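Worksheet: one structure, shown below.
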Amino acid sequence: MKRSTRRRLIQGVLYAVFAAVVLFVILSADWGTIQPYFFNPDIAAAVFPEILTIAARNTVIYTAIAFVGGLLLGLLLALMKLSPVLPYRWLATGYIELFRGLPALLVIFGFAYAIPIAFQWRPPGGNAGAGLIALIIVSAAYIAETIRAGIEAVPKGQVEAARSLGMNSAWTMVTVVLPQAFRIITPPLTNELVILIKDTSLLFIAGMAIGDRELTTFARDALTNQANATPLVVAALLYLVITLPLTQLVAKLERHNKRGR
Amino acid sequence: MIPVAHPATGAAAVPAIEIRALHKSFGSNEVLKGIDFHVDQGEVVCVIGPSGSGKSTLLRCVNRLEEPTSGTVMVEGVDITDSETDLDGVRTRIGMVFQQFNLFPHLTVLRNLTLAQQRAKKRGRAEATTIAQRNLEKVGLAEKADAFPAQLSGGQQQRVAIARALSMDPDMMLFDEPTSALDPELVGDVLEVMKQLAREGMTMMVVTHEMGFAREVGDRVVFMDGGVVVEQGRPEDVLGDPQHERTRLFLSKVL
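These protein sequence lines map, in sequence, to chains A and B.
Each residue of the first sequence is one higher than the one before, counting from 1 in this note's numbering.
Each residue of the second sequence is one higher than the one before, counting from 1001 in this note's numbering.
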């Protein structure tokens, strides 16, 4: 048998096995029973428009706040970690290791319940605000490591060129290193952003006011009220509606940026 | 401010670069083993030698991209190893050209030339742009102002790098193997720009493998090997009639 014929044959068998497995799973599911609980059109219609005007909107707003906050705090931590000042490095390393090691859910819980009691201080924005601060703090730990890797990936010659022109280290960082670092880390930062969109679902643990609910909290409440899982399916689809165009946009941005490399 | 050399004696001049007893180690590896070296104002000094001889390290010590382990480095009479010295200020007077060009890839050619003028010399945008365009014209690339470095050939990138250094109006230029990363057919344009600079009286320290350039343009050739200056003198003497065995050995390999 010719090599190419054999390869095509093996490929054909693999496709057939895949199709058989998919078909088996689809056919063995009890669609008649599932449909009214998971894909009920009446219940799906009932969660609109609030699931868009309140829940999806809040998810986007929370993600934006947490990402911008995480970027700023993460940048500060990354610069501290690369600083020649030893205590700054210790502080940044300790912070990053602590908050990467803890489940985000526990941090959010702690900020919403423990901090107000411990410090007699209520974060702005109520429980949602407290949860968001926690989310910023956790995402900053991950983003800091990404930014640090990006800064270190900028060739040493770039810094040498800037410094040999008489630019000080701060201007060199701002005008030469960081713009190149952020180009390098666009893909992993997108990843952080997509993870963050989904991590806003953890905010439910903070216990949110009606108008503050994001997609998952909203859908869980609807699930309880209606005794039907359809709102969860709608929420899942809306997450995809948010994340898919975003990843497409960033892929486009990345291609655009390649020009300057 | 800087005393001008007396035409007859040269005695009043402060050397552009004066290095005394310079040692530099990387860990336990001693790369420079006590270098005494100077470049007079308006002089073109070519430093040659086998790779690993320490010539690039010597050049990089002049603007303190490498920290000397011991010894003094004076630039126009100012000790740059002194922690009180305004190093950034001194660096604006020393142009540096790298083997790998090191243009800023995220900025246009024009922005490459104006960035440090604005940030380090505090020039306004309009003035910086005028100076940048003048220097781009000088290296024959005025029409590339809006291009990105990646859109240029290696030779063009190196000429932009020279223009970038010149835009700071430096008193001297350091060249670290400026043509070593270039395809052979692109070397000529870069050397031509450097020759023109030399004719205009620019003080230059050039680490190079281009013996033709050293012979034609250099006022003095310095041969380094194993972290020491083995011999130096007029190009025709060092290259034509070397006194040391190591120099002869090196030249027999490259010429």
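We put the beta carbon where it would ideally sit given N, CA and C, even for glycine.
These numbers were taken from a predicted model, which means no experiment stands behind them.
Q: Check D1225/B in the structure and name its three-state DSSP category.
A: Strand, per DSSP.
Q. For V1230/B, does the three-state DSSP call read helix, strand or coil?
A. Strand at V1230/B.
(Q) Let's test the definition: count the other Cβ atoms within 10 Å of the Cβ of V1044/B and tell me whether it reaches 16, buried, or not, exposed. (A) So V1044/B counts as buried.
Q. Using 9 angstroms as the limit for Cβ to Cβ distance, is G1010/B near chain A?
A. In this prediction, G1010/B has a pLDDT of 47, which is less than 50 and means its spatial position is unreliable; what the coordinates show is noted afterwards. It does not: the Cβ of G1010/B has no partner Cβ on chain A nearer than 9 angstroms.
Q: Helix, strand or coil for A1021/B, going by three-state DSSP, please let me know.
A: The answer is strand: DSSP assigns A1021/B an E or B state.
Q: Ignore the nearest five residues each way along the sequence and tell me which others in Q1243/B's own chain have a CB closer than 7 angstroms to its CB.
A: Within the same chain, Q1243/B has close Cβ partners E1231.
Q.
Quick check on F1026/B: does DSSP put it in helix, strand or coil?
A. The DSSP-derived three-state label of F1026/B is strand.
Q) Where does the unbroken alpha helix (DSSP H) through I1094/B begin, and where does it stop? A) No alpha helix (DSSP H) contains I1094/B, which is instead part of the beta strand (DSSP E) from I1094 to V1097.
Q) What's the C-alpha gap between T1085/B and N168/A? A) Roughly 14 angstroms between the two C-alpha positions.
Q. With 16 as the cutoff for other CB atoms within 10 Å, does A112/A come out buried or exposed?
A. Burial call: buried.
Q.
Against chain B, with Cβ distances strictly below 9 angstroms, would L189/A count as a contact?
A. Taking Cβ atoms only, chain B never reaches closer than 9 angstroms to L189/A, which makes this a no.
Q. Can you pull the DSSP bridge partners for M1204/B?
A. Its beta-bridge partners are V1044/B and M1173/B.
Q. If you measure beta-carbon to beta-carbon, which residues of the region 178-207 of chain A are closer than 8 angstroms to chain B?
A. Taking a C-beta cut-off of 8 angstroms against chain B, the contacting residues of the region 178-207 of chain A are P179, Q180 and R183, listed in chain order.
Q: Apply the 10 Å Cβ neighbour rule to Y62/A and answer buried if 16 or more other Cβ atoms are within range, or exposed otherwise.
A: It counts as buried.
Q: Apply the 10 Å Cβ neighbour rule to H1106/B and answer buried if 16 or more other Cβ atoms are within range, or exposed otherwise.
A: Buried: at least 16 other Cβ atoms inside 10 Å.
(Q) For the beta strand (DSSP E) containing T1072/B, name the first residue and the last one. (A) Element bounds for T1072/B: S1070 to V1075.
Q: Name the two residues that bound the continuous alpha helix (DSSP H) containing L1141/B.
A: Segment: none, L1141/B is in no alpha helix (DSSP H) and carries neither H nor E.
Q.
Here's the rule I'm using: 16 or more other beta-carbon atoms within 10 Å means buried, otherwise exposed. How should G70/A be labelled?
A. G70/A comes out buried.
Q. Comparing alpha-carbon positions, which option in I108/A, P41/A and R148/A lies nearest I199/A?
A. The sequence shown places Asp at residue 199/A, rather than the Ile named in the question. Comparing C-alpha distances from D199/A to each of I108/A, P41/A and R148/A shows the shortest one belongs to I108/A.
Q: Indicate whether at least one CB of chain B lies closer than 9 angstroms to the CB of V176/A.
A: Taking Cβ atoms only, chain B reaches closer than 9 angstroms to V176/A, which makes this a yes.
Q: Decide if R213/A is buried, meaning its Cβ has at least 16 other Cβ atoms within 10 Å, or exposed.
A: Flag for R213/A reads buried.
Q: Confirm, please, whether the CB-CB distance from I115/A to A130/A is below 9 angstroms.
A: Yes, these two residues count as a Cβ contact at 9 angstroms.
Q) What residues in the region 133-161 of chain A bring their beta carbon closer than 7 angstroms to a beta carbon of chain B? A) Here the close residues are G157, Q158, E160 and A161.
**Q.** is_contact[T1072/B, chain A] using C-beta, thresh 9 angstroms
**A.** At a cut-off of 9 angstroms between beta carbons, T1072/B makes no contact with chain A.
Q. Interface residues of chain B around M167/A at Cβ under 8 angstroms?
A. Those are D1088, L1115, A1116, R1119 and A1120, listed as they occur along chain B.
Q. Between the Cα of I143/A and the Cα atoms of L91/A, E192/A, K156/A and V174/A, which residue gives the shortest distance?
A. Considering only alpha carbons, the answer is E192/A.
Q: Quick one: give me the first and last residue of the alpha helix (DSSP H) that S1167/B is part of.
A: The continuous stretches of alpha helix (DSSP H) do not include S1167/B, and DSSP gives it neither H nor E.
Q. What in chain A is Cβ-close to M1224/B, meaning under 7 angstroms?
A. Within 7 angstroms Cβ-Cβ: nothing; M1224/B doesn't reach chain A, min ~21 angstroms.
Q) Thinking just about the alpha-carbon of each residue, which of P1178/B, D1225/B and G1212/B is nearest to the one in G1240/B? A) G1212/B is the residue among P1178/B, D1225/B and G1212/B whose C-alpha sits nearest the C-alpha of G1240/B.
Q: Kindly list, in the order they appear in chain A, the residues whose Cβ is closer than 9 angstroms to that of L1166/B.
A: Under the 9 angstroms cutoff, chain A gives no residues; its nearest Cβ is about 11 angstroms from L1166/B.
**Q.** Contact the region 1045-1059 of chain B vs the region 1220-1229 of chain B: 3+ CB pairs below 8 angstroms
**A.** Yes: the two stretches touch, three or more of their Cβ pairs being nearer than 8 angstroms.
Q. Would you say T1092/B faces chain A, with C-beta separation under 9 angstroms as the test?
A. Put simply, the CB of T1092/B is near chain A, with a gap under 9 angstroms to one of its CB atoms.
Q. Is any beta-carbon of chain A found at less than 9 angstroms from that of R1246/B?
A. For R1246/B, the answer is no, since every Cβ of chain A falls outside 9 angstroms of its Cβ.
Q. Looking at the structure shown, is L105/A part of a helix, part of a strand, or coil, going by DSSP?
A. When DSSP states are grouped into helix, strand and coil, L105/A belongs to the helix group.
(Q) Please tell me whether, using a cut-off of 8 angstroms, the distance from the CB of S1028/B to the nearest non-hydrogen atom of the ligand SAH is below it. (A) With respect to the ligand SAH, the structure shown offers nothing to examine, as it has no ligands at all.
Q: Count the CB pairs spanning the region 1072-1088 of chain B and the region 1014-1023 of chain B that are closer than 8 angstroms, and state whether there are at least three.
A: Yes, they touch.
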